[in-house]
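A.B. asks: Submitted below is the structure of interest, expressed as structure tokens.
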Amino acid sequence: MPITSYSPSLRLSEPTKARHEFKSYRLKGDYVQPWIDDKRLKKTRFGNMIVYGMMFIAFCLSGYLTYDGAKSAKAGDFCLVMEDNFDRNGIDETHWTHEVQMAGFGTGAFDWTTTDKKNSFTDGEGLHIVPTLTTEATDISETQLFDSYTLNLTKSGGDGTCTSDDYRQCSVRSNTTTGAIVPPVRSARLSTKGKKSIRYGRVEVVAKMPRGDWLWPAIWMMPEESKYGPWPASGEIDIAELRGNSYQYPLGRDAMTSTIHWGPTTKTDAYWSTYGLKFLRRTDFSKDFHTFGLQWSEDYLFTYLDNRMKQVFYMKFDDKRTMWEKGGFSGTTENNSVIENPWKSTGRTNTPFDEKFYLILNVAIGAQNGWFFDGKNNKPWVDNGPTAARDFIKAKDQWLPTWGEGNDRGMTIKSVKMWQEGRC
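Position one of the sequence shown corresponds to residue 1 (the UniProt record's numbering), numbered consecutively onward.
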């Protein structure tokens with residue numbers, strides 16, 4: 001190409017004289033500097049030294065605490081007892097069992113858990129647990145939801161799918177007078193109970209969470225046997241629980257909670273003293289996959305997000321104080337009787353977290369146990385109200401549009417791994 005007067009090659013090859021010659025205004029020679037002897041300057045310097053010194057100490061201390069926490073979480077020996085990457089061949093029945101019930105498993109949730117492949121299935125992305133409206137997925141009409149319909153999942157007189165021995169969790173008849181309705185939403189709950197469990201070890205679940213108001217996804221663990229008594233005396237480990245509501249909701253889908261439940265009775269559950277929170281910045285848990293982890297030993301238990309350095313909750317089992325002593329339960333009365341220590345026979349300070357626990361994956365809808373706060377963000381029902389489920393479904397035009405499209409309204413699990421502490 002011929003060079004023209006506007007060519008870059010020409011401009012670079014023909015330097016021109018600068019239009020303005022640089023001239024320094026820096027003082028030359030000796031001159032008076034009265035500010036050097038000003039006492040105020042010395043005070044400022046001294047103050048700055050304190051600030052920078054404290055910043056340095058804080059930096060060193062945070063580094064030490066991080067290192068010490070990682071060091072205390074000994075790698076040790078772990079034996080892989082379960083790995084599931086959820087291929088297209090379906091849900092592996094050697095690992096998982098569907099728990100089929102209604103009545104919310106004690107939380108007052110509004111869903112009915114099923115074995116329906118619309119609610120739990122696998123594909124190239126992983127395992128999906130997806131809620132569906134009862135009226136969309138069954139022949140039950142909206143009128144029947146509210147009146148004159150009997151849903152019976154019992155083994156005696158029903159379809160036999162219910163996994164509970166309590167008939168109240170297996171059957172219902174809708175009635176406009178009493179306020180009883182057929183569960184308006186169907187979902188799924190899968191567990192490794194009786195198939196895969198660990199007593200001390202690690203768990204990692206890679207999952208993406210659902211998007212939608214009043215959705216409650218959870219990755220958690222329960223004891224294989226209620227050795228120390230009914231819940232929460234035998235313990236519960238919540239690795240990750242979330243809400244599908246937006247970040248504008250208090251603790252929405254940008255926040256995850258890890259909790260352990262323990263106490264001699266339901267009313268004395270001391271979960272309020274053993275939980276942790278983790279927030280995401282400028283995003284939420286429905287956007288990408290994250291690793292939700294647990295490491296558990298006789299000496300400690302902690303949960304983490306993505307890697308062990310990002311701990312969500314940490315619990316050290318004291319060498320001297322038992323969980324009974326930590327909870328301050330001694331002398332506590334209930335129904336005019338002094339509560340007895342259900343853990344005293346073991347002699348271990350980590351009881352009840354010293355037995356085998358199995359894993360649960362589920363997406364619940366709504367609750368009446370305080371998980372969703374009354375009076376916040378147009379919550380359409382009141383906990384323990386006589387028509388809570390009815391109020392919830394009647395407001396579906398308000399919350400259903402917030403649910404993600406297709407599988408985005410559910411939890412997607414890419415993989416699950418469980419390790420038992422010790423060598424294989």
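Ideal Cβ positions, reconstructed from N, Cα and C, are used throughout, including at glycine. Computed from a predicted structure; not experimentally measured.
(1) Grab me the residues of proline 8's own chain with a C-beta within less than 8 Å of its C-beta, minus the 5 sequence neighbours each way, in chain order.
(2) What are the start and end residues of the beta strand (DSSP E) that includes phenylalanine 279?
(3) Can you name the start and end residues of the alpha helix (DSSP H) that aspartate 123 belongs to?
(4) Straight-line CA distance for phenylalanine 285 to aspartate 111?
(5) Using CA atoms only, rank isn't needed, just tell me which of Arg173, Arg348, Thr154 is closest to serine 164.
(6) Count the other CB atoms, across all protein chains shown, that sit within 10 Å of the CB of threonine 150; report buried if there are 16 or more and exposed otherwise.
(7) Measuring straight from C-alpha to C-alpha, what distance separates glutamate 334 and glycine 347?
(8) Would you kindly report the start and end of the unbroken beta strand (DSSP E) that includes lysine 394?
(9) CB-CB under 8 Å to phenylalanine 373, same chain, minus the five flanking residues each way: which ones, in chain order?
(10) What are the boundary residues of the alpha helix (DSSP H) that includes leucine 400?
(11) Would you verify that the beta carbon of threonine 259 is, or is not, closer than 9 Å to some beta carbon of chain B?
(12) Identify every residue that forms a DSSP beta bridge with isoleucine 129.
(13) Name the one or two DSSP bridge partners that glycine 293 has.
(14) Taking 9 Å as the cut-off, decide whether the C-beta atoms of proline 183 and valine 172 are in contact.
(15) Compute the Euclidean distance between the alpha carbons of methionine 309 and arginine 26, then round it to the nearest angstrom.
(16) Would you identify the three-state DSSP class for tyrosine 25, choosing helix, strand or coil?
(17) Give the DSSP-derived three-state secondary structure of tyrosine 167 in the structure shown.
(18) If we call anything under 9 Å between Cβ atoms a contact, is serine 258 one with methionine 222?
(19) In three-state terms, what does DSSP make of proline 250?
(20) Which residues mark the beginning and the end of the alpha helix (DSSP H) in which lysine 137 is found?
(21) Measuring only the C-alpha atoms, how far is phenylalanine 317 from phenylalanine 292?
(22) May I ask you to report which of helix, strand or coil DSSP gives glutamine 368?
(23) What residues are listed by DSSP as bridge partners for arginine 186?
(24) Does the beta-carbon of glycine 410 have 16 or more other beta-carbons within 10 angstroms, so that it is buried, or is it exposed?
(25) Are the stretch 194–206 and the stretch 77–87 in contact at 8 Å, needing three or more beta carbon pairs?
(26) For serine 62, name the three-state secondary structure that DSSP assigns.
(27) Tyrosine 314 bridges to which residues according to DSSP?
(28) Does the structure place the stretch 238–249 close enough to the stretch 203–217 that three or more beta carbon pairs sit under 8 Å?
(29) Tell me which residues share the same chain as glycine 194 and place their Cβ nearer than 8 Å to its Cβ, disregarding the 5 neighbours each side in the sequence.
(30) Let me check understanding here. Comparing Cα to Cα, which of Ser120, Arg423, Thr349 lies closest to glycine 90?
(31) Using only CA atoms, which one of Thr402, Leu127, Phe56, Lys28 lies nearest to serine 415?
(32) What residue range is occupied by the uninterrupted beta strand (DSSP E) comprising glutamate 236?
(33) Pop quiz: glycine 331 and alanine 270 are said to be a contact at Cβ under 8 Å. What is the actual Cβ separation, rounded to whole angstroms?
(34) Which of helix, strand or coil does DSSP assign to valine 51?
(35) Roughly how many angstroms lie between the CA atoms of arginine 40 and phenylalanine 46, to the nearest whole one?
(36) If I measure Cβ to Cβ from aspartate 87 and keep anything under 7 Å in the same chain, skipping five residues before and after, which residues do I get?
C.D. replies: Walking through what the data contain:
(1) The pLDDT assigned to proline 8 is 36, lower than 50, so where the model puts this residue is not dependable; a value taken from the coordinates is nonetheless given after this. Excluding residues within five positions, none has a Cβ falling inside 8 Å.
(2) 275–279
(3) Run containing aspartate 123: none in the alpha helix (DSSP H); it sits in the beta strand (DSSP E), 120–123.
(4) 22 Å
(5) Thr154
(6) exposed
(7) About 25 Å.
(8) Segment 388–394 is the alpha helix (DSSP H) holding lysine 394; no beta strand (DSSP E) there.
(9) Excluding sequence neighbours, phenylalanine 373 sits near Pro250, Lys379.
(10) Per DSSP, leucine 400 belongs to no alpha helix (DSSP H) and is neither H nor E.
(11) Given the protein chain composition of this structure (a single chain), no chain B is represented.
(12) Ser120, Met411, per the DSSP bridge assignment.
(13) Glu204, Tyr304
(14) yes
(15) 52 Å
(16) coil
(17) Note: tyrosine 167 maps to helix in three-state DSSP.
(18) No, these two residues do not count as a Cβ contact at 9 Å.
(19) coil
(20) One detail in the question is off: residue 137 reads as alanine in this sequence, not lysine. Counting along the chain, the alpha helix (DSSP H) containing alanine 137 begins and ends at 134–137.
(21) 22 Å
(22) coil
(23) Trp112, Thr132
(24) buried
(25) yes
(26) When secondary structure is reduced to three states using DSSP, serine 62 falls in the helix class.
(27) Phe302
(28) yes
(29) Thr97, Glu224, Tyr358
(30) That would be Ser120, whose Cα lies nearest to the Cα of glycine 90.
(31) With distances taken between Cα atoms, serine 415 lies closest to Leu127.
(32) 236–241
(33) Not really, about 15 Å apart at Cβ, beyond 8 Å.
(34) helix
(35) Their backbone Cα atoms lie some 10 Å apart in a straight line.
(36) Shown here for aspartate 87: same chain residues with a beta carbon closer than 7 Å to its own, the five before and five after excluded, namely Thr122 in chain order.
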